[in-house]
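Colleague:
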Amino acid sequence: MLIERPPLLYRALFPGAHWRFNTNEKVVYLTFDDGPIPEVTPWVLDLLDKYQIKATFFCVADNVRKYPEIYKEVQKRGHMTGNHTYHHLQGLKTLSKNFIQDVEKANELIDSKLFRPPHGHMRLPQFFILRKKYKIIMWDVVTRDYSRLMTGDKVFENVKKYTRNGSILVFHDSLKAEDKMKIALPKSIEWLLREGYTFKRIE
C-alpha cells in the first residue's frame, strides 16, 4: 500500500503538491507517464477515443524531441500534457541546479504549467523552486504497471482497491509497462465507468 498510495507523511513533505483532488463527486483523473513513444502512445490514444475520455500525459521531453508528431497528436485529441523532465532524471540523485535546468529545458518543448517529478521524488529545494512556476502533480494511485513483479490483472486490482473520489491515477505509456498496461487499462476504464466514475483531465 505504501507504493500504490503514498502515505500522508510523505505527502506532507510537499505542501501544495496535488496528490488527489478533494471532491465528493465520483471523478477520477487518468494520467500517463514517460511517453510519447510510437510503440504504445497511439494505442492509448485510440483506447481513450473509444471511451471519449480525456487524460493528462506527463511527457519526457527527449521523447517529444524524437517523436514530435505523436506529441502533437496527444494535444490534437484534446488531452493535457505536462513536464516530466527532459531526461527522466530522479531528483534525489541529481544536483538541484542540474535538475531545475533539465526541467526548464523540457519546458521549451512541452510548454506546460504542469510538472510531475520522475518516480515522485525530489529534493525539497527542487520542489520549492519548481512550485513557484509549476503546478506539481503527484498521484493518489500508482498502478505499478511498470513492475516486473506484477501481472495485468494485479495492476487492475490495484485500481479497484485504491481508487476513490478525486483520485489521480498513474499508468505508463512505456515499453516497460506495455504488456501489463494493455490488459489493465481497458479493464480499469470499464470498471470505473460501471462504478459511476467520470474522467477529467488536469487543467
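Here the numbering used here is used: the first residue of the sequence shown is 20, the next is one more, and so on.
The C-beta atom is built at its ideal place from N, Cα and C for all residues, glycine as well.
#1: Just tell me which of 155, 183, 177, 199 has its CA closest to the CA of residue 167.
#2: With a threshold of 16 other CB atoms inside 10 Å of the CB of residue 97, please say whether the residue is buried or exposed.
#3: Let me know the alpha helix (DSSP H) ranges lying completely inside the region 123 to 167, each 4 residues or longer, listed in chain order.
#4: How many Å lie between residue 80 and residue 53 at the Cα?
#5: Since residue 187 and residue 148 should fall inside the 8 Å C-beta cutoff, what is the C-beta to C-beta distance between them, to a whole number of angstroms?
#6: Determine the DSSP secondary structure at residue 121, reduced to helix, strand or coil.
#7: Would you kindly report the start and end of the unbroken beta strand (DSSP E) that includes residue 99?
#8: Give me the residue from 44, 190, 88, 141 with the minimum Cα distance to residue 161.
#9: How is residue 84 classed by DSSP in three states: helix, strand or coil?
#10: Do you know how far the Cα of residue 153 is from the Cα of residue 217?
#11: Three or more beta-carbon pairs under 8 Å between the region 174 to 188 and the region 54 to 64, yes or no?
#12: So for residue 51, helix, strand or coil by DSSP?
#13: Taking buried to mean at least 16 other C-beta atoms within 10 Å of its own C-beta, is residue 135 buried or exposed?
#14: Considering only DSSP beta bridges, list what residue 183 is partnered with.
#15: What first and last residue would you give for the alpha helix (DSSP H) that runs through residue 60?
#16: Beta-carbon separation of residue 33 and residue 51 under 7 Å?
#17: Do you know how far the Cα of residue 55 is from the Cα of residue 82?
#18: Is the beta carbon of residue 46 less than 7 Å from the beta carbon of residue 219?
#19: Here's the rule: buried if 16 or more other CB atoms are within 10 angstroms of the residue's CB, otherwise exposed. What is residue 15?
Modeller: According to the data block:
#1: By 1-based counting over the sequence shown, the position of residue 167 is 148. The candidate whose alpha carbon is nearest that of residue 167 is 199.
#2: On the sequence shown, position 78 is the one that residue 97 refers to. Classification of residue 97: exposed, given that the 10 Å Cβ count is below 16.
#3: 143 to 149
#4: Stepping through the sequence shown from its first residue, residue 80 is reached at position 61. Stepping through the sequence shown from its first residue, residue 53 is reached at position 34. Cα to Cα, residue 80 sits roughly 9 Å from residue 53.
#5: Here residue 187 is taken as the residue at index 168 of the sequence shown, counted from 1. Here residue 148 is taken as the residue at index 129 of the sequence shown, counted from 1. The Cβ separation is near 22 Å, so there is no contact.
#6: Sequence index remark: in the sequence shown, residue 121 carries index 102 (1-based). Correct three-state label for residue 121: helix.
#7: Taking the sequence shown and counting its residues from 1, the one referred to as residue 99 is at position 80. Looking at the DSSP string, the run of the beta strand (DSSP E) that includes residue 99 is 99 to 102.
#8: Counted from its first residue, the sequence shown places residue 161 at position 142. Minimum Cα distance to residue 161 is reached at 190.
#9: For the purposes of this step, residue 84 is identified with residue 65 of the sequence shown, where counting begins at 1. Residue state, collapsed to three classes: helix.
#10: Walking along the sequence shown from the start, residue 217 turns up at place 198. Walking along the sequence shown from the start, residue 153 turns up at place 134. So the alpha carbons of these two residues sit roughly 26 Å apart.
#11: Taking a contact to require three or more Cβ pairs closer than 8 Å, the region 174 to 188 and the region 54 to 64 do not qualify as touching.
#12: Counted from its first residue, the sequence shown places residue 51 at position 32. Reduced to three states, the DSSP call for residue 51 is strand.
#13: For this step, residue 135 is matched to residue 116 along the sequence shown. That one is buried.
#14: Residue 183 sits at position 164 when you count from the first residue of the sequence shown. In the DSSP output, where bridge partners are listed per residue, residue 183 has none listed.
#15: Residue numbering aside, residue 60 sits at position 41 when the sequence shown is read from its first letter. Segment 60 to 70, the alpha helix (DSSP H) holding residue 60.
#16: Here residue 33 corresponds to residue number 14 of the sequence shown, with the count starting at 1. Here residue 51 corresponds to residue number 32 of the sequence shown, with the count starting at 1. Contact flag unset, no.
#17: Within the sequence shown, numbered from 1, the residue matching residue 82 stands at position 63. Within the sequence shown, numbered from 1, the residue matching residue 55 stands at position 36. Each residue's Cα considered, the two are about 6 Å apart.
#18: Within the sequence shown, numbered from 1, the residue matching residue 46 stands at position 27. Within the sequence shown, numbered from 1, the residue matching residue 219 stands at position 200. At a Cβ-Cβ threshold of 7 Å, residue 46 and residue 219 count as neighbours.
#19: Any answer about residue 15 is impossible in this case: the structure gives the chain only from 20 up to 222.
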